[in-house]
Each structure stands twice: as structure tokens, then as C-alpha cells.
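J.: What follows is a structure written as C-alpha cells; I'll ask about it next.
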Amino acid sequence: MTDPRTALVVGGGIAGPAVAMALQMAGIDSVVYEAHAAPAEGIGTFLTLATNGVAALRALGAEEPATTASVLWSGTGKRLGAAAMSMTLEDGTTGYTLKRADLYQAIHDQAVSRGIRVEHGKRLVAVETAGGVVRARFADGTEAAGDILIGCDGIYSAVRPIIDPGAPAPAYAGLINLGGYVRGVRVDAGPGTYHMIFGKRAFFGYAVAPDGEVWWFANVPEPHEPDRGSFASIGTGQWRQRLAGLFGEDAGPAARLIQATSHDLAASPVHTMPRLPTWHAGPMIVIGDAAHAPSPSSGQGASLAIEDAVLLGKCLRDLPGPDRAFAAFEQLRRPRVERIIKQAARVNSNKAATGAARIIRDMMMPVMLPFFVRFIANGKPGRRLYGYHIDWDTPASPIQE
Ligand SMILES: Cc1cc2nc3c(=O)[nH]c(=O)nc-3n(C[C@H](O)[C@H](O)[C@H](O)COP(=O)(O)OP(=O)(O)OC[C@H]3O[C@@H](n4cnc5c(N)ncnc54)[C@H](O)[C@@H]3O)c2cc1C
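Counting in numbering that gives the first Met the number 0, the sequence shown runs without a single skipped number right up to 400 at its last residue.
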């Protein structure tokens with residue numbers, strides 16, 4: 000295959016606009032096709048962009064717009080009741096906690112400001128490849144053609160089964176996630192701090208924004224994956240009642256915060272994509288959550304998606320033809336993302352612990368956590384995770400990591 004000149008980017012979340020920027024820097028034109036009708040539609044809650052994600056944005060020249068346009072605070076909670084979500088690097092690079100919708104909007108706006116076209120309301124339904132051309136078909140009946148297609152369409156990817164019809168489905172992580180935003184509730188925590196509570200029956204996290212708004216999320220253990228129909232019919236009132244019961248006996252502000260949340264609660268089962276055997280076929284590849292979704296507990300999904308974007312841009316810039324570029328990309332990325340997914344799965348099993356496992360966890364946590372935090376923050380694992388840096392100017396080679 001010859002060097003690609005045009006790319007179809009499917010999905011306008013985080014990986015999509017980021018890879019479009021990397022492709023532009025590599026001299027490849029692309030258009031981003033996003034299923035939703037508007038940017039940042041339907042994405043609640045907040046996330047932490049770790050230092051490695053910030054460094055990847057910096058490689059795209061997009062750190063400032065993406066973090067300052069929407070940033071609520073930096074530095075992240077160093078004492079998560081207490082575990083660090085990220086670390087501050089020696090050069091001062093720090094992670095950010097921000098609303099997911101703000102990050103999406105900022106990355107989208109940054110891509111658009113560079114002249115990248117983002118088309119909304121384009122849900123990919125099929126792909127055909129013939130004569131060196133990839134043709135994408137969308138639910139609205141339109142089509143688009145390019146030299147390569149990059150699936151950035153998230154954990155429930157439509158591109159993934161087109162690349163490999165035998166691809167595994169996302170795995171249920173045994174947890175239900177809910178979250179909300181509250182004003183006017185006093186908590187015993189200062190602005191810019193992030194607290195986590197391994198409760199008796201469920202896990203709770205909250206963060207205080209500089210303007211006093213409290214952002215919270217809850218992870219509720221649910222061993223059996225709920226079926227979509229019955230799950231969707233559970234209303235806000237029922238969730239509120241259930242959460243009140245789950246957190247009622249825990250110390251901390253969980254029950255008060257949930258009670259004071261006035262907006263609707265949207266619950267979603269937590270899924271991961273632990274190991275996808277095939278990432279690419281012919282002119283198509285998946286990146287970001289579509290290829291490898293760690294559980295949200297890792298605080299790494301968004302950062303990994305941006306790293307993918309930078310590295311794929313480099314591989315396409317430096318290696319001849321998409322086959323070699325995609326193969327090099329996979330070889331470079333797989334060990335790192337799979338290691339992070341495994342680490343996050345261990346955190347999940349702690350969150351979902353019940354009965355004797357919970358008692359052991361609660362006995363061990365206060366003893367182990369300070370060691371663990373220091374180990375992560377100061378040791379090799381922390382540097383490997385958070386200090387990861389992709390140098391855009393160094394030529395891509397399959398022996399980088
Ligand atoms: C509750 C929660 C908390 C999280 N917390 C963190 C955190 O603290 N830190 C962190 O780093 N990560 C976190 N994550 C994970 C992070 O949000 C994802 O890893 C990241 O968004 C992945 O980016 P992506 O671009 O691959 O996929 P997404 O952001 O999911 O974007 C995929 C896009 O593709 C679009 N799409 C889907 N299907 C199609 C189709 N057929 N055609 C066209 N477009 C389509 C979607 O509408 C969407 O816009 C969290 C996730 C959740 C659910």
C-alpha cells in the first residue's frame with residue numbers, strides 16, 4: 000500500500016480530534032465523523048487527565064487550549080483519602096481534573112481551529128474497501144471515501160467488528176457508575192482536592208472545584224451485568240433511594256451530596272476492553288477505547304487515547320505504507336496499554352469487594368496505601384506510567400518502548 004494522503008476518522012470524542020491533529024502534522028488530510036449531533040453531547044461526569052495525557056497534548060501543541068480553556072484546577076488531589084491520581088513531573092507537568100464535556104469541547108475546538116473538518120450526525124454503519132479506497136457509510140445515507148480509516152469510536156466501537164468480526168465484546172467490570180454536580184453543600188475538604196472513600200457497600204469519590212461546586216461519582220458493585228431494558232427503566236428517584244441505603248452508614252459526605260443533587264442521575268454499567276487481538280486490518284485501525292479501554296478506575300483512558308493519536312500520527316509519517324505504520328503502532332502500544340488495564344482491573348476488584356474480601360481490604364488499605372502511593376509516586380512504575388513521553392520529532396521505530 001502506498002503512503003496515505005487522506006483519512007476518515009470515525010468518532011469525535013478524544014482520540015478522534017487528537018489523531019486528526021497528529022495526521023495534519025504528519026501531512027495527512029482527514030475529516031472527523033461523529034455520531035452525535037453536537038460536540039460533547041451526552042457526556043456527564045468528570046475525569047482526570049494524567050501528566051502523560053498532558054504531555055501527549057503538548058506533543059500536538061494542544062496542551063494550553065485543552066487545559067486552560069476548561070480547566071478547573073490542576074495539581075490534582077495528592078491525597079485521595081489517599082491515593083494520587085497522577086503525579087507532578089520534575090519539569091512541573093501536572094495532571095488536571097476537569098469535566099469530561101469540557102475536555103471534549105476543548106479538543107474539538109482546537110482541531111476545528113486548525114482547519115480540521117468535524118461532521119456531526121454521522122454514525123458509521125458500514126465500511127467497504129476496494130481498489131485502494133476505503134468507503135464509509137453512515138446511518139443518514141451519506142458516504143465518505145479516503146485512503147485509510149481510523150476507528151476512534153469508543154468502547155462500543157462499530158469499526159472494531161468490521162476489522163475483526165470475531166472481536167470480543169467489552170467486558171462488564173462488575174460495577175455501576177453514577178455521578179453528579181452539587182452546589183451549596185459544605186464538605187470538609189478544600190477546593191482542588193479529590194477524595195475517595197471505599198465505603199462499606201460501594202465506592203464514592205468527590206472533588207471540590209475552586210468555585211465550591213462539588214463533583215461526585217459512585218461505583219456500585221453489581222456482580223451480574225444488568226440487562227439494558229430493565230436497567231434503563233430505573234429512574235432517578237430509585238437510584239437516589241438505593242444510593243442512600245448504600246452510603247447511609249459510611250462516614251463522609253456521600254449521602255448528603257447525593258441527596259442534594261437536583262439533576263437526573265444517569266447510571267451506566269462499567270465496561271472495559273481488556274484485550275483485543277486484532278487492532279488493524281488492511282487500511283483500517285482502531286485506537287483509543289475502541290482498541291483498549293481500561294476501567295475508569297485507572298484514570299488513564301483519555302490519556303492513553305491521546306498518546307495513541309500522537310504515536311499513530313508519527314508512525315504514519317515515518318513508516319512506508321499503512322501496513323507497516325499500523326504494525327509498528329501496535330507493537331509499540333500494546334505492552335503499555337495492557338499493563339495499565341491489568342493494574343486498573345485490580346483496583347476494580349477492590350471497589351467491588353464484599354463480605355470477607357471487604358473486611359480484609361479495609362484492614363490492609365490504611366497500611367498498604369501509603370506505601371503504594373509512595374511507590375507509585377516516586378518509583379519506576381509511576382515514572383513509567385505518568386512520565387511517559389512521546390517525542391514528535393524523533394522518527395518512529397518499532398523499538399521505542
Ligand atoms: C465514568 C467515567 C469516568 C472516567 N474517568 C476517567 C478519568 O478520570 N481519566 C481518564 O483518563 N479517563 C477516564 N475515563 C475514560 C475516558 O473517558 C475514555 O477512555 C476516553 O474518552 C476514550 O476516548 P475515545 O476517543 O477513545 O472514546 P470516546 O471518548 O468514547 O469517544 C468515542 C466517540 O465516538 C463516537 N461514536 C461512537 N460510535 C460511533 C459511530 N458508529 N460512528 C461515529 N461516531 C461514533 C461517540 O459518540 C464518541 O463521541 C472515564 C470514563 C467513564 C465512563
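We treat Cβ as the ideally placed atom computed from N, Cα and C, and that holds for glycine.
Indicate, with yes or no, if ligand 1 has a heavy atom lying under 7 Å from the CB of Ser302.
T.: As a position in the sequence shown, residue 302 is number 303, starting the count at 1. Result yes, Cβ under 7 Å from ligand 1.
J.: Just reading off the beta strand (DSSP E) that Arg274 is part of, what are its end residues?
T.: For the purposes of this step, residue 274 is taken as residue 275 along the sequence shown, with counting starting at 1. Note, Arg274: premise wrong, no beta strand (DSSP E); not H, not E.
J.: Decide yes or no for the touch test of the region 319-335 against the region 42-58: beta carbon pairs closer than 8 Å, at least 3 of them.
T.: no
J.: Is the beta carbon of Leu303 closer than 8 Å to that of Val336?
T.: As a position in the sequence shown, residue 336 is number 337, starting the count at 1. As a position in the sequence shown, residue 303 is number 304, starting the count at 1. Yes, the pair counts as a contact, with Cβ atoms nearer than the cut-off.
J.: Buried or exposed: which applies to Gln240, given that a residue is buried once 16 or more other Cβ atoms fall within 10 Å of its Cβ?
T.: Counting from 1 along the sequence shown, the entry for residue 240 is found at position 241. Result: exposed.
J.: Cα-Cα, which of Met24, Gly11, Gln23 and Thr235 is closest to Ala36?
T.: Sequence index remark: in the sequence shown, residue 36 carries index 37 (1-based). For the residues Met24, Gly11, Gln23 and Thr235, the minimum Cα distance to Ala36 belongs to Gly11.
J.: Using a C-beta cutoff of 8 Å, does Ser396 count as contacting chain D?
T.: The chain labelled as chain D is not found in the depicted structure, where only one protein chain is given.
J.: Grouping DSSP H, G and I as helix and E and B as strand, with all else coil, what is Ala6?
T.: Indexing the sequence shown from 1 puts residue 6 at position 7. Ala6: strand per DSSP, three-state reduction.
J.: Give a yes or no on whether the C-beta atoms belonging to Ala301 and Leu102 are separated by under 8 Å.
T.: Indexing the sequence shown from 1 puts residue 301 at position 302. Indexing the sequence shown from 1 puts residue 102 at position 103. Yes, the Cβ-Cβ distance between Ala301 and Leu102 is below 8 Å.
J.: What are the complete alpha helix (DSSP H) segments, minimum 4 residues, inside the region 284-357?
T.: 300-317 and 320-350
J.: Based on the DSSP secondary-structure assignment, which residues constitute the bridge partners of Phe230?
T.: The residue you call residue 230 lines up with position 231 of the sequence shown. Phe230 is not bridged to any residue.
J.: In chain order, what residues of the same chain lie with their CB nearer than 7 Å to the CB of Ala172, ignoring the 5 residues before and after it?
T.: If you number the sequence shown from 1, residue 172 lands on position 173. Counting only Cβ-Cβ distances below 7 Å, and skipping sequence neighbours, we find Val269, His270, Thr271, Ser294 and Asn347.
J.: Reducing DSSP to helix, strand and coil, say where Pro245 ends up.
T.: Along the sequence shown, one-based indexing puts residue 245 at 246. Just to set this straight, residue 245 is Leu in the shown sequence, not Pro. Shown here, Leu245 sits in a helix according to DSSP, grouped into three states.
J.: What's the C-alpha gap between His279 and Thr260?
T.: In the sequence shown, counting from the first residue as 1, residue 279 sits at position 280. In the sequence shown, counting from the first residue as 1, residue 260 sits at position 261. Distance between the alpha carbons of His279 and Thr260 is about 43 Å.
J.: Is it true that the CB of Val181 sits closer than 8 Å to the CB of Leu256?
T.: Taking the first residue of the sequence shown as 1, we reach residue 256 at position 257. Taking the first residue of the sequence shown as 1, we reach residue 181 at position 182. With respect to the 8 Å criterion, Leu256 and Val181 are classified as neighbours on the basis of their beta carbons.
J.: Considering only the beta carbon of each residue, do Arg122 and Ala100 sit closer than 8 Å?
T.: If you number the sequence shown from 1, residue 122 lands on position 123. If you number the sequence shown from 1, residue 100 lands on position 101. Result no, Cβ atoms of Arg122 and Ala100 do not sit closer than 8 Å.
J.: What do you reckon, is the C-beta of Val111 under 7 Å from a heavy atom of ligand 1?
T.: Translated into the one-based positions of the sequence shown, residue 111 becomes position 112. Every heavy atom of ligand 1 is 7 Å or more from the Cβ of Val111, so no.
J.: Can you give me the Cβ contacts of Pro225 inside the same chain, cut-off strictly under 8 Å, excluding the 5 residues immediately before and after it?
T.: Taking the sequence shown and counting its residues from 1, the one referred to as residue 225 is at position 226. Counting only Cβ-Cβ distances below 8 Å, and skipping sequence neighbours, we find Ile175 and Pro268.
J.: Do Val9 and ligand 1 come close, with the Cβ less than 7 Å from some heavy atom?
T.: Numbered from its first residue, the sequence shown carries residue 9 at position 10. Yes, ligand 1 has a heavy atom inside 7 Å of this Cβ.
J.: Do Pro3 and Asp152 have their CB atoms nearer than 8 Å?
T.: Your numbering for residue 3 matches position 4 in the sequence shown. Your numbering for residue 152 matches position 153 in the sequence shown. Not in contact: Pro3 and Asp152 (Cβ atoms no closer than 8 Å).
J.: What does a CB cutoff of less than 6 Å around Trp391 pick up in its chain, not counting 5 residues either side in sequence?
T.: Locating residue 391 in the sequence shown gives position 392, counting from the first residue. Here the set comprises Ala58.
J.: For ligand 1, I want to know if Gln104 counts as a neighbour, meaning its beta carbon is within less than 7 Å of at least one of the ligand's heavy atoms.
T.: Counting from 1 along the sequence shown, the entry for residue 104 is found at position 105. Gln104 Cβ: outside cutoff for every heavy atom of ligand 1.
J.: At a cut of 8 Å, does the region 161-172 reach the region 308-322 through at least three beta carbon pairs?
T.: Contact between the region 161-172 and the region 308-322 is absent, with fewer than three C-beta pairs closer than 8 Å.
J.: Specify, as a first and last residue, the run of the alpha helix (DSSP H) that Ser112 falls within.
T.: Indexing the sequence shown from 1 puts residue 112 at position 113. Boundaries of the alpha helix (DSSP H) around Ser112: Arg99 to Ser112.
J.: Taking the alpha helix (DSSP H) that Val158 falls in, what are its first and last residues?
T.: Taking the first residue of the sequence shown as 1, we reach residue 158 at position 159. Note, Val158: alpha helix (DSSP H), Val158 to Ile162.
J.: With the cut-off set at 8 Å, would you say Ala292 and Pro380 are in Cβ contact?
T.: What you label residue 292 is simply residue 293 of the sequence shown in a count that begins at 1. What you label residue 380 is simply residue 381 of the sequence shown in a count that begins at 1. In this structure, Pro380 does not lie closer than 8 Å to Ala292 by Cβ.
J.: Do Asp402 and Gly320 have their C-beta atoms closer together than 8 Å?
T.: Residue 402 lies beyond the stretch modelled for the chain, which goes from 0 to 400, so this question has no answer here.
J.: Buried or exposed, going by whether 16 or more other CB atoms sit within 10 Å of the CB of Pro220?
T.: Numbered from its first residue, the sequence shown carries residue 220 at position 221. Of the other Cβ atoms in all chains shown, 16 or more fall within 10 Å of the Cβ of Pro220; this residue is therefore buried.
J.: Using a Cβ-Cβ cut-off of 6 Å (strictly less than) and excluding sequence neighbours within five positions of Gly204, which residues of its own chain qualify?
T.: Numbered from 1 along the sequence shown, position 205 holds the residue referred to as residue 204. Here the set comprises Met195 and Phe216.
J.: Can you give the Cα-Cα distance for Val9 and Gly150, rounded to whole angstroms?
T.: By one-based count along the sequence shown, residue 9 stands at place 10. By one-based count along the sequence shown, residue 150 stands at place 151. Computed Cα separation, rounded: 5 Å.
J.: Please determine whether the Cβ atom of His35 lies at a distance below 7 Å from any heavy atom of ligand 1.
T.: As a first step, residue 35 is located in the sequence shown; it is residue number 36 there, counting from the start. Result yes, Cβ under 7 Å from ligand 1.
J.: Which same chain residues end up closer than 6 Å to Asp108 when comparing Cβ atoms and leaving out the 5 residues on each side of it in sequence?
T.: Within the sequence shown, the letter at position 109 stands for residue 108. Apart from the 5 residues on each side of it in sequence, Asp108 has no Cβ closer than 6 Å to any other Cβ in its chain.
J.: Assign Tyr193 to buried or exposed, taking buried as 16 or more other Cβ atoms, counted over all protein chains shown, within 10 Å of its Cβ.
T.: For the purposes of this step, residue 193 is taken as the residue at position 194 of the sequence shown. By the 10 Å Cβ count, Tyr193 comes out buried.
J.: Three-state secondary structure (DSSP) at Arg200?
T.: Position 201 of the sequence shown, counting from 1, holds the residue named residue 200. Here Arg200 sits in coil by DSSP.
J.: Do Met20 and Leu148 have their C-beta atoms closer together than 8 Å?
T.: In the sequence shown, residue 20 corresponds to position 21, counting from 1. In the sequence shown, residue 148 corresponds to position 149, counting from 1. Cβ distance not < 8 Å, so Met20 and Leu148 don't count as in contact.
J.: Does the beta-carbon distance from Ala135 to Thr277 come in below 8 Å?
T.: Position 136 of the sequence shown, counted from the start, is the residue given in the question as residue 135. Position 278 of the sequence shown, counted from the start, is the residue given in the question as residue 277. In this structure, Ala135 sits away from Thr277, with a CB-CB distance that is not shorter than 8 Å.
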